[in-house]
């Protein structure tokens, strides 16, 4: 009898244990894996799912074909580290404190990977973070220090200290990612993986295998390459992002320093030649030989043409050089995204995995004569966003709703069945992804850029953006308003703020902008606090922060002393 009772008891325990394991397995199966793929400065114009004028990106496009392409995705602050901080915290820059690239990220912020980790997700990060400190909430990470390097990059790792890896950065980050998926991923846990590329960030060094192909290609020029900014105010006129006058000859266009000296070309900044040496100087002998094979020809052709080139010729030449290298780096990104997607398919991991491809912001590819980002104009403000979740998101769909990088945190937490902290400021994208579009009510988004005076000299500004209009306020050493009619003026060439025909629209947008600033907790007083902190930093370090217009910067400090 005792033996029978004991047997029944043990059998009951076994059944209970099995039931618990089954319940846990079911719970794990319900919670999706999440793979967040982000490149740095990848313009939507350079993804063929959006526009194939410049390049074909068949592997990135696979994500759109499997899921949803967002055509109105944007960022809250178009600059590297602040954008990443917004993504991780689900909060605007003025709330999470990371308003510019100059100060480290405040790690007392709670990030959504920490929340996922605490809820049982295995977490890993490989690639570029650019925070000035290490990530929290990750079981494993291998990240580039600062901006990182294209060739033979260094990495800061969680378990191996600082390491240097031979090869090309885009390939290496992917190797690390695939190695983790194959060897370190726990099969009984859902995972969150951040796969973060350096490319196509400046100074745009393509992989050896792509150098010859891309240095021989020619690309269509944008319609606004020679924009004279006559329809806009001081902000556009005073920015330092022009391809001809502000892009580095050596560091960006790959004119060898000795060729610059021979032709009498002055660098566009103190670190023009240094940028070239810093990147190309990392190559080993074989890499440099392959590089020189293509770029010595580029330099010889340029030397022969330069004496008779007009300013217009130089601008066109610099645009082609820019596109050849920028798009060359994207070729490697697309190939490597394909490697990861292939792995997921071959290992039957697609079914319960959310796959995201995005960029930390957009980028100017010669539009308005510019490179870089920062402004609220489309090429900078908008960002690519492609999301797949087989079985949950209908394949081949599109959304033109106003979504932002602010929304990722709440989207991923909602997908994992986790309640988001009440102080997060975004909205879950799940209603859009799953077809419940009637639950999506956002009609406008808020934008605020802070890093001025600094490299590229883009004025501080905040804005409200709807599908139809942009109302922008440039402030600090300027007080100018700009109203753009996005439907009638898609290239954003004309400020209609003072046009009487837009008086009602202007008043309505002002009211809505005030409402958004109140909703998100932004104010002129808070902006002034960030200005004071930043100027204190510049004065303490006797720095112009990269701005070339020292006369304008000196005036800023003189006016500050008077006040």
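Numbering (mature numbering (1 follows the signal peptide of the UniProt record, and there is no 0)), first residue to last: -19 to -1, 1 to 544.
Even for Gly, the Cβ is constructed at its ideal location relative to N, Cα and C.
Compare the beta carbon distance of residue 30 and residue 367 with 8 Å and say whether it is the shorter of the two.
yes
Do you know how far the Cα of residue 482 is from the Cα of residue 180?
Approximately 44 Å, taken between the alpha carbons.
Measure the Cβ-Cβ separation of residue 193 and residue 438 and say whether it is below 8 Å.
no
Counting Cβ pairs closer than 8 Å, one from the region 213 to 229 and one from the region 166 to 182, do we hit at least three?
no
As assigned by DSSP and simplified to three states, the class of residue 334
strand
How is the alpha helix (DSSP H) around residue 505 delimited, first residue to last?
In the DSSP assignment, residue 505 falls within the alpha helix (DSSP H) that extends over 505 to 521.
Closest by C-alpha distance to residue 348, when choosing among 339, 341, 129, 358:
Ranking 339, 341, 129, 358 by Cα distance to residue 348 puts 358 first.
How would you label residue 163, buried or exposed, when you count the other beta carbons within 10 angstroms and need 16 or more for buried?
exposed
Backbone CA spacing between residue 493 and residue 424 [nearest angstrom]
Those two C-alpha atoms are separated by around 10 Å.
Excluding sequence positions up to five away, which residues of its chain have a Cβ less than 8 Å from the Cβ of residue 176?
16, 17, 18, 19, 107, 108, 154, 155, 158, 321
Take the Cβ of residue 400 as the centre, count every other Cβ of all protein chains shown within 10 Å, and call the residue buried at 16 or more, exposed below.
exposed
Sort out for me which residues DSSP pairs residue 282 with in a bridge.
Answer is none; residue 282 lacks a bridge partner.
For the putative contact between residue 95 and residue 167, defined by C-beta atoms under 8 Å, what is the C-beta separation to the nearest angstrom?
With 8 Å as the limit, residue 95 and residue 167 do not qualify as a contact, their Cβ atoms being about 18 Å apart.
Anyone know if the C-beta pair for residue 527 and residue 436 falls short of 8 Å?
Taking the C-beta atoms as reference points, residue 436 is found nearer than 8 Å to residue 527.
Under 7 Å from any heavy atom of the ligand SAH, does the C-beta of residue 36 make it?
This structure does not include the ligand SAH; it has no bound ligands of any sort.
Return the chain-ordered list of same chain residues with a C-beta closer than 6 Å to the C-beta of residue 122, the five sequence neighbours on each side being excluded.
In chain order, 106, 116, 139 place their CB closer than 6 Å to the CB of residue 122, counting only its own chain and leaving out the 5 sequence neighbours on each side.
Would you mind reading off the limits of the beta strand (DSSP E) that contains residue 105?
103 to 109
Would you call residue 277 buried or exposed, if buried means 16 or more other Cβ atoms sit within 10 Å of its Cβ?
Per the 10 Å Cβ criterion, exposed.
Can you give the Cα-Cα distance for residue 223 and residue 248, rounded to whole angstroms?
14 Å
If distances are taken between C-alpha atoms only, which option among 465, 383, 189, 130 comes closest to residue 490?
465
Along the chain, where does the beta strand (DSSP E) containing residue 146 start, and where does it finish?
It is not in any beta strand (DSSP E) - residue 146 carries neither H nor E in the DSSP assignment.
So, does the region 128 to 136 touch the region 260 to 270, judging by three or more C-beta pairs under 8 Å?
yes
Where residue 44 and residue 377 are concerned, what is the direct C-alpha to C-alpha distance, given to the nearest angstrom?
9 Å
Residue 77 and residue 66 look like a contact to me (Cβ under 8 Å); what is the Cβ gap, rounded to whole Å?
5 Å
Around the C-beta of residue 542, are 16 or more other C-beta atoms found within 10 angstroms, so that it is buried, or is it exposed?
Counting Cβ neighbours within 10 Å, residue 542 comes out exposed, since fewer than 16 surround it.
Through-space distance from residue 46 to residue 7, alpha-carbon basis:
The pLDDT assigned to residue 7 is 42, lower than 50, so where the model puts this residue is not dependable, and the model offers no usable value.
How many whole angstroms separate the CB atoms of residue 431 and residue 33, which I take to be in contact at a CB cut-off of 8 Å?
Not confirmed; about 35 Å, so no contact.
Opposing strand residues paired with residue 380 [DSSP bridges]
51
Where residue 504 falls, given that 16 or more other Cβ within 10 Å makes a residue buried
exposed
Suppose you measure from the CA of residue 206 to the CA of residue 360; what does that come to, to the nearest Å?
13 Å
Span of the alpha helix (DSSP H) around residue 420
No alpha helix (DSSP H) holds residue 420; DSSP gives it neither H nor E.
Enclosing beta strand (DSSP E) for residue 477 [first to last residue]
It is not in any beta strand (DSSP E) - residue 477 carries neither H nor E in the DSSP assignment.
Put residue 363 into one of helix, strand or coil per three-state DSSP.
strand
Distance, Cα to Cα, residue 215 vs residue 457?
Between residue 215 and residue 457, the C-alpha separation is close to 13 Å.
Bounding residues of the alpha helix (DSSP H) (the contiguous stretch that carries residue 298):
292 to 327
State the start and end residues of the unbroken alpha helix (DSSP H) segment that holds residue 97.
93 to 99
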